[in-house]
Structure formats: structure tokens, C-alpha cells
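Here the sequence shown is numbered in my numbering, starting from 1 and rising by one per residue.
First up is the structure itself, then whatever we jot down about it.
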Amino acid sequence: MPEKNVDLHGSAPDKHKVALLLIDVINDFDFPEADQLMKHARPMARTLLRLKRQAQKAGVPVIYVNDNFGRWKSDFRRTVDYCARHGHGRDIVRLLRPEENDYFVLKPKHSGFFSTTLETLLRYLETQTLILTGIAGNFCVLFTANDAYMRDFNLFVPSDCTVSNTKKENDSALGLMKKFLKADTRPSSGIVLYRTQKEKRKRYSHSGNSRA
């Protein structure tokens, strides 16, 4: 059995080179053009859930990086409950709501790194590669990717696990992340996750899939 981490009040998962970030998927969709965004977010949510299940199976930490919607006196669980019950995108929230072993970081601005504990958690986990997913590709995902790149993280931004108001805007953001941030933007079906580096070396074959 691998040794468990005992720091961070005993609540951190085992160290892993990869982490899956779900950005702003807990969302009330109460803003202009929300209907336009939800049209793309609904099919994306089902794809993202499959990727999350793969991550859980491989022991990859799942971290929700979410806006607090200005609710400074409310904790994240209340935000989840509110969005799942009353939000316009409650079907999306119910599908992707955090589970017992998931982690969350609340952010006040677009980037998941700005004024948050995200970097501290990732460094403690010895994470080197981030899989960025969520809403919206041309804002919060892009800003988080930029800050992650400046901190020398390797980046995956699967093209079918992030959405923007329009496909054109999302494709443009993905293009920027691929060109300037060296992000791998292939679809999630091309990402293979492994529990350990030993397992990765043993099972990997030349199939064209990206290893994480």
C-alpha cells in the first residue's frame, strides 16, 4: 500500500503527477447569454463526467475550481445545493456535482490561481500535469491555463470538455492555448490516465493516445 499523505490536516489525496480541474461547472447560469452557453455545456457535461470517472479510477485528484458568485458568506456546499435546486443549469450541476473524495478551491476572479490556494495544493501533491476542463473556454479556462503555464505545469485542455458561448470562440481559445501555452487539446478519448508511472510504462502502447 502506498503511504498516505498526512499533512494538510490529513485531507489531501495521495500524491499524483496529474490532476483534473473542473472549472466553474457549478454554475447558476444566471447571466446574459447563459442560454447560448448551456446549449454547448449540456453535451460537454456528459463527456466530462466520463473523464472524471476515468480520473477517479486512476487515482487522479479531482479538483473543482469554482467562482463563488460573490457569496462571500456562503460555503461551497451551499453554492452547489443552490445551483442544483434553483439554477438555470441545474441538470448540469446535478450531473457534475462534487462527490465525497473530490476537492474544491473557490476563486474570486477568472484564474484558478489568482488569490487562491490552488498552487499550494498542487505543489504539495507534486503535480506536474493539469487537465483543464469546464466553463468558459475563452475566459476562466484560458486565464487558468495561462497562469498554469507560467508556473511550468504541463497542460491538457481536451477540446470536448470545455465550452464557450460559441464554437468559434471556443476553438479560438483552444488554438491560443495550443500555440502559445503548449497545451494538448485533443479530445478526452485520446487521454489515457494511469495510477502510477510504473503502470503507465507497462501498459502504454503506440496507439497515438496521450499519456497523462
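C-beta atoms are modelled at their ideal positions from N, C-alpha and C, and glycine is treated no differently.
For T133, there is no enclosing alpha helix (DSSP H); the residue is found in the beta strand (DSSP E) stretching over T129 to I135. For the pair N101 and A173, the Cα-to-Cα distance works out to about 31 Å.
The continuous alpha helix (DSSP H) containing Y124 extends over residues L118 to Y124. Take the alpha-carbon of F156 and the one of N68: they are about 25 Å apart. Here K182 is exposed: its Cβ has fewer than 16 other Cβ atoms, across all protein chains shown, within 10 Å. Counting along the chain, the unbroken alpha helix (DSSP H) around F76 starts and ends at F76 to H86.
Boundaries of the beta strand (DSSP E) harbouring L21: V18 to I23, taken from the DSSP string. One Cα belongs to M38, the other to F114, and the distance between them is close to 26 Å.
A contact between stretches requires three or more CB pairs, one per stretch, nearer than 8 Å, and the region 24–35 fails this requirement with the region 116–126.
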